[in-house]
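Colleague:
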Amino acid sequence: MMSERATTCSTSGIPLTEEGSTSFPCPGCGEPIGRSPRARNQGVVYVCPSCGFQGP
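Residue numbers for the sequence shown, in the working numbering: 163 to 218.
#1: What whole-angstrom Cβ distance do GLY205 and PRO187 have, given they're in contact under 8 Å?
#2: From the DSSP output, in three-state form, read off PRO199 for me.
#3: Classify SER183: buried if its beta carbon has 16 or more other beta carbons within 10 angstroms, exposed otherwise.
#4: In angstroms with no decimal places, state the Cα-to-Cα distance between MET163 and ASN203.
#5: Leaving out five residues before and five after ALA168 in sequence, what residues of the same chain have Cβ atoms less than 7 Å from its Cβ?
Right, dumping it as C-alpha cells:
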C-alpha cells in the first residue's frame, strides 16, 4: 500500500518537481508534508495544516 504524497511545499506552496524535494508523513498526525529543496536548505519552519505540528 502506497502512502499519500504531498505535491506542493508546505511552506512556499511551490510544486515539488525539483531534485531534492521530499514528502513525508507529519510526525504528529501522518498527513503528508511537502518540502522544497530551498525550504529544507534554509531550515524554514513548516506547520502541519491538520494538527499544527511544527518542524524545521
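Ideal Cβ positions, reconstructed from N, Cα and C, are used throughout, including at glycine.
Modeller: Once the coordinates are examined:
#1: Locating residue 205 in the sequence shown gives position 43, counting from the first residue. Locating residue 187 in the sequence shown gives position 25, counting from the first residue. That pair is no contact at about 20 Å.
#2: Your numbering for residue 199 matches position 37 in the sequence shown. DSSP places PRO199 in helix when its eight states are reduced to three.
#3: One-based indexing of the sequence shown puts residue 183 at position 21. SER183 is buried by the Cβ-count criterion.
#4: Mapped onto the sequence shown, residue 163 falls at position 1. Mapped onto the sequence shown, residue 203 falls at position 41. Any answer about MET163 is weak, because its pLDDT of 44 lies below 50 and its placement is not dependable; what the coordinates show is given next. Whole-angstrom Cα-Cα distance: 30 Å.
#5: Within the sequence shown, residue 168 is the residue found at index 6, counting from 1. Within the same chain, ALA168 has close Cβ partners LEU178, SER185, PRO194, ILE195 and GLY196.
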